[in-house]
Amino acid sequence: MFELLGIPPQVLLGQLLLGLINGSFYAVLSLGLAVIFGLLNIINFAHGALYMAAAFVAWMFLNYLGIGYWPALILSPLIVGAFGMVLERTMLSRLYHLDHLYGLLLTFGLALVIQGLFRNYYGVSGLPYQIPEALGGGTNLGFMFLPNYRAWIVVASVLVCFGTWFLIEKTRLGAYLRAGTENPVLVGAFGVNVPLMITLTYGFGVALAGFAGVLAAPIYSVNPVMGEQLIITVFAVVVIGGMGSIMGAILTGYMLGIVEGLTRVFYPEGSNVVIFVIMAIVLMLKPEGLFGRPA
Amino acid sequence: MIRKLAISLSAFAAMTGAPAVAQDIDVKLGVLNDRSGTYADLSGEGSAVATRMAVEDFGAAEKGMDVEVLSADHQNKPDVGSNIAREWYDVEGVDAIVDVPTSSVALAVADITADNNGVFLISGAGSTSLTREQCQPTTVHWTYDTAALANGTGGAVTNAGGEKWFFLTADYAFGHSLEENTMDVVRENGGEVVGSVRHPFPAQDFSSYLLQAQGSGADVIGLANAGSDTVNAIKQASEFGITQAGQSLAALLMFVTDVHSLGAETAQGLNLTEAFYWDQNDATREWTERYEAEMGSKPTMVHAGAYSSTLAYLAAVEALGSAEDGAAVVAQMREMDIDDPFFGKVEIRGDGRAVHDMYLFEVKSPDQSEGEWDLYNQVATISGEDAFLPMLEECDFSKQ
Amino acid sequence: MAMADNTTSRAAPGAGMPMLHKVIFAVLLVFLITLPFFVYPVFAMKVMCFALFAAAFNLLLGFGGLLSFGHAAYFGGASYIAAHASKVWGLTPELSILCGAAAAAFLGFIIGSLAIRRQGIYFAMVTLAFAQMVYFIALQADFTGGEDGIQSVPRGNLFGLVSLEDNMALYFFVLLVTFGGILALYRIVHSPFGEVLKAIRENEQRATSLGYDVNRYKLIVFTLSATMAGVAGATKSQVFQLATLTDVHWSMSGEVVLMTLLGGMGTVFGPLVGAGLIVTMQNYLATFGAWVTIIQGVIFVLGVLMFREGIVGVISRWLKRPL
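Which chain is which? The protein sequence lines are A, B and C, in order. For the first sequence, my numbering assigns the number 173 to the initial residue and increments by one for each residue that follows. For the second sequence, my numbering assigns the number 3 to the initial residue and increments by one for each residue that follows. For the third sequence, my numbering assigns the number 100 to the initial residue and increments by one for each residue that follows.
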């Protein structure tokens with residue numbers, strides 16, 4: 173049997189698949205960030221905290237109200253999205269006339285507050301959340317045992333990502349959105365409520381983070397710090413893909429998940445840093461990102 | 003029951019020790035641990051509660067000792083921990099620091115304690131270097147260390163037929179030391195190490211490493227990590243069907259709180275080594291009841307260690323009549339015959355290692371378990387001599 | 100860039116220090132000399148190290164208009180080098196600090212020369228990426244001791260003569276270093292070089308068209324800022340006798356932004372106030388656990404929404420004087 177760099181092919185296949193699964197989270201999260209940045213010019217540092225908050229909302233639904241995974245998969249993103257809209261209306265909307273670094277700083281502060289609150293009330297040891305009945309068990313693929321829930325993650329993320337891409341790039345609503353950020357006055361003159369549109373967009377981007385959070389809840393323990401480490405990695409994903417590029421964010425998300433997965437085989441200690449190395453290289457050579465349009 | 007034991011212990015100490023009449027001795031204890039992070043459940047406020055219980059059970063007030071207990075959060079950061087330790091010694095006049103999980107912080111505090119001639123009663127930290135490479139005359143390492151865990155779990159699992167090991171190791175000092183100790187034990191018992199992988203600390207996703215472990219053909223996957231890392235790795239191993247496919251897991255450091263958060267369903271059959279289990283005997287049950295009334299959960303071995311080490315410390319202080327000279331108090335502790343309510347006969351060696359029995363437990367299956375905290379079957383007792391590493395000559399402070 | 104406010108000194112270059120600044124520096128010095136007699140000296144030293152760190156960061160953000168999200172790399176990197184120099188090479192404290200500063204300067208020069216090719220958010224991202232790599236090295240390299248860091252760094256003898264074992268002796272040494280550093284930063288800001296920086300910050304194109312080599316100025320200010328951050332980090336390692344991952348973690352980079360923002364970016368005294376407040380808060384609220392994070396977050400949010408000029412910025416507006 174042939175081996176690639178000392179790794180048997182079935183192990184490599186398995187690792188590629190695992191990379192794709194982790195990439196699914198990166199894709200959904202970076203997509204949300206890219207939507208927000210592309211249309212609002214806000215670098216949403218609170219994205220990771222909101223991802224975490226949605227996982228907690230799902231956990232609370234189950235433990236306080238007895239509402240299970242499937243309703244929570246819809247409800248918690250909606251709740252977190254609505255919360256995001258409140259944040260946008262009350263705070264972020266005051267910053268649009270300023271340098272967008274202020275948006276970064278504000279959302280950084282919001283992330284600290286949200287994370288601190290959950291940490292204060294739930295500690296950091298993590299709360300368990302069961303995999304839904306219907307997705308228990310797994311399938312033997314020959315080269316690895318694939319839990320059904322992980323397969324569902326890939327399917328769900330692909331559906332959501334390409335649905336969003338279609339919505340923004342191919343529909344009339346998406347066209348308004350894109351036009352509204354290019355020239356709000358003109359679009360406003362056509363009778364479109366631009367501020368409302370921006371609020372809804374932010375809510376939508378945040379809801380995407382919430383969706384990823386609920387997806388993550390059953391496989392990682394629900395933990396106040398679950399978004400903290402992720403957020404700067406996802407930032408790097410967005411930058412590598414090209415800020416504001418929807419398709420770029422999606423494809424880069426899956427790609428970097430795979431790259432990271434392979435790093436875990438060849439040099440596991442480096443798996444946390446590889447994405448930043450790639451980011452630095454991309455910024456040096458092609459600052460608009462792999463899929464971005466040159467500025 | 004405990005009170006009686008504690009009193010007899012101190013009476014004994016008073017007989018063997020200096021004939022001081024304890025009066026108006028001021029003692030300040032500082033419980034320093036993780037109160038908000040990964041280790042908050044296994045140490046945290048619980049250790050402060052246990053320490054205060056020890057002060058009360060010792061009867062400090064009746065003996066004319068004025069004991070005050072402080073507590074603080076080191077956030078698992080050596081810089082935060084050493085700041086607090088230094089300020090406690092310099093400003094607050096603390097005499098002894100208790101607990102300190104997270105080896106990196108414990109190592110920093112051990113040095114500061116020695117510089118200030120305080121006493122360091124370690125319960126939460128596990129690195130063997132605390133009584134070896136970085137031994138100090140003011141250190142007492144009470145509850146467990148990585149060598150004891152390796153000897154307990156590693157030895158038992160290898161002898162039970164788990165000969166080929168693959169290690170999944172947290173990439174920091176504690177993980178490395180646990181891995182190294184266990185590898186030695188595995189090889190000594192005729193086992194073989196087929197591979198290892200080091201994961202960043204802390205990590206959330208273990209699937210990639212577990213898959214590598216699965217591909218290695220090992221019988222046993224040794225988890226040389228702690229806290230939420232261990233819990234997540236075990237959960238994901240069951241998700242990926244690794245245990246179902248015939249490989250077994252050995253959690254090298256796991257506390258009853260971790261097992262509780264996993265639940266008997268997921269954790270059943272795991273072997274683990276601890277120095278204390280709440281349901282071991284009448285003394286532990288009685289104490290657990292009082293502890294639970296205050297904390298709302300069962301104590302871990304770290305909590306029990308904080309309690310017992312404080313009892314022994316106070317007995318030594320009483321015998322000396324003063325807590326001023328930390329090295330002298332530790333020397334006194336080494337001299338005493340300690341018969342602890344939980345740890346039994348405890349001998350504090352010249353290097354500060356407290357030698358006592360360790361126990362190998364197996365997690366019960368859900369149908370054996372009669373309550374959410376009814377989790378362990380005791381499988382074996384490992385005597386102190388077998389559990390802990392022999393003393394290094396240069397660390398024998400009893401001769402210096 | 101629009102980040103900076105306009106409260107900075109309008110004093111002509113070379114006109115010397117305005118009277119008001121002289122008075123404030125004098126009062127500050129007297130205050131710092133008496134401080135260790137009232138508060139725990141180690142705590143006071145921590146405040147001073149962070150004040151220098153924030154002032155160094157402010158040179159880049161407030162006067163250079165460049166937001167670095169990776170300044171922990173220079174602070175922490177220097178702290179590792181200085182700790183190593185003291186512990187393993189057995190150097191005296193002042194030489195160790197110089198080693199640390201030199202390492203930070205080198206690192207700043209390399210990273211800066213790459214980062215200044217990008218602007219705004221991309222600049223911030225490049226600095227973050229390199230800071231993550233420095234963190235990775237600190238975690239993996241042999242000499243840094245991984246999670247343990249470098250511990251039990253000896254305090255040593257100043258110039259090989261004066262023992263710094265005593266907290267008070269060390270305090271006055273640290274006071275000298277940090278106060279000197281802050282005065283040096285003041286000189287830089289109020290030199291002709293500083294004036295060019297401000298011109299670049301206000302309008303880069305205009306500065307270019309006036310014939311200034313903008314990138315050269317940016318690189319110099321980046322390196323200077325990194326060096327001073329390094330002095331702060333190296334000094335901190337001598338005070339606490341250790342260097343750890345906390346110093347190189349990205350949240351440290353965030354913390355220094357917070358200090359500068361809270362005090363007032365682009366002001367002389369703002370970063371000092373910001374650092375003093377944040378460190379004090381962390382110290383006295385430490386027992387409240389997660390509340391420290393929450394309060395810091397609230398300060399961030401309120402700061403951005405309401406006091407973008409920071410505390411000193413607001414005072415300076417009231418007084419109608421640059422501070």
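Beta carbons: idealized from backbone N, C-alpha and C, even for Gly.
Status (buried if at least 16 other CB within 10 Å, exposed otherwise) for residue i
{"i": "B:Glu396", "result": "exposed"}
{"i": "A:Tyr426", "result": "buried"}
{"i": "C:Val391", "result": "buried"}
{"i": "A:Ala306", "result": "exposed"}
{"i": "B:Asp43", "result": "buried"}
{"i": "A:Phe255", "result": "buried"}
{"i": "C:Phe130", "result": "exposed"}
{"i": "B:Tyr138", "result": "It should be noted that the sequence gives Gln, not Tyr, for residue 138 of chain B. Flag for B:Gln138 reads buried."}
{"i": "C:Gly279", "result": "exposed"}
{"i": "A:Gly461", "result": "buried"}
{"i": "B:Lys300", "result": "buried"}
{"i": "B:Phe169", "result": "buried"}
{"i": "B:Val331", "result": "buried"}
{"i": "A:Asn365", "result": "exposed"}
{"i": "C:Trp417", "result": "exposed"}
Chain C within 7 Å of residue i, Cβ atoms only
{"i": "A:Gly288", "result": "yes"}
{"i": "B:Val23", "result": "No answer about B:Val23 holds up, because its pLDDT of 48 lies below 50 and its placement is not dependable."}
{"i": "A:Arg291", "result": "yes"}
{"i": "A:Leu273", "result": "yes"}
Interface residues of chain A facing residue i [CB-CB closer than 7 Å]
{"i": "B:Asn234", "result": "Tyr392, Ser393"}
{"i": "B:Val199", "result": "Pro440"}
Neighbour flag for residue i against chain A, beta carbons, 7 Å
{"i": "B:Phe168", "result": "no"}
{"i": "C:Gln88", "result": "Residue 88 of chain C is absent from the model: chain C starts at 100 and stops at 422."}
{"i": "C:Tyr221", "result": "yes"}
{"i": "B:Phe242", "result": "yes"}
{"i": "B:Gln77", "result": "no"}
Interface residues of chain C facing residue i [CB-CB closer than 7 Å]
{"i": "A:Glu441", "result": "Gln239"}
{"i": "B:Glu64", "result": "None at all; the shortest Cβ gap to chain C is about 30 Å."}
is_contact[residue i, chain B] using C-beta, thresh 7 Å
{"i": "C:Asp265", "result": "no"}
{"i": "C:Gln337", "result": "no"}
{"i": "A:Gln302", "result": "no"}
{"i": "A:Phe468", "result": "Given that chain A is displayed from residue 173 to residue 467, the structure contains no residue 468 of chain A and the question cannot be resolved."}
{"i": "A:Gly186", "result": "yes"}
Interface residues of chain B facing residue i [CB-CB closer than 9 Å]
{"i": "C:Val378", "result": "The premise fails here: C:Val378 is roughly 11 Å from chain B at the closest Cβ pair, so nothing lies under 9 Å."}
Proximal residues of chain A, C-beta to C-beta of residue i below 8 Å
{"i": "B:Ala42", "result": "Gly295, Val296, Ser297"}
{"i": "B:Tyr211", "result": "Arg436, Pro440"}
{"i": "C:Thr243", "result": "In chain order: nothing, as chain A lies at least about 14 Å away."}
{"i": "B:Pro202", "result": "Pro440, Glu441, Ser443, Asn444"}
{"i": "C:Gln381", "result": "The premise fails here: C:Gln381 is roughly 13 Å from chain A at the closest Cβ pair, so nothing lies under 8 Å."}
{"i": "B:Gly39", "result": "Val296"}
Enclosing beta strand (DSSP E) for residue i [first to last residue]
{"i": "B:Pro301", "result": "Where B:Pro301 is concerned, there is no enclosing beta strand (DSSP E), given that its DSSP letter is neither H nor E."}
{"i": "A:Ile239", "result": "Taken as a continuous stretch (DSSP letters only), A:Ile239 belongs to no beta strand (DSSP E), as it is neither H nor E."}
DSSP beta-bridge partners of residue i
{"i": "A:Gly311", "result": "According to the sequence as given, residue 311 of chain A is Thr; it is not Gly. Paired residues: A:Leu318."}
{"i": "B:Gln380", "result": "B:Phe363"}
{"i": "B:Met67", "result": "B:Ile27"}
{"i": "B:Lys166", "result": "B:Glu194"}
{"i": "B:Glu349", "result": "B:Val357"}
{"i": "B:Glu181", "result": "B:Glu181 is not bridged to any residue."}
{"i": "B:Glu276", "result": "B:Tyr361"}
Partners in chain C for residue i, counting only beta-carbon separations shorter than 8 Å
{"i": "A:Ile214", "result": "The premise fails here: A:Ile214 is roughly 11 Å from chain C at the closest Cβ pair, so nothing lies under 8 Å."}
{"i": "B:Leu109", "result": "Asp247, Gln250"}
Neighbour list for residue i in chain A, Cβ cutoff strictly below 9 Å
{"i": "C:Met232", "result": "Val445, Phe448, Val449, Ala452"}
Beta-carbon neighbours of residue i, restricted to chain B and to distances below 7 Å
{"i": "C:Glu301", "result": "Correct list: empty, because the minimum Cβ distance to chain B is about 39 Å."}
Start-to-end residues for the alpha helix (DSSP H) that takes in residue i
{"i": "B:Ser105", "result": "105-117"}
Q. What residues in the stretch 336-370 of chain C bring their beta carbon closer than 7 Å to a beta carbon of chain F?
A. The chain inventory of the structure shown lacks chain F, comprising the protein chains A, B and C.
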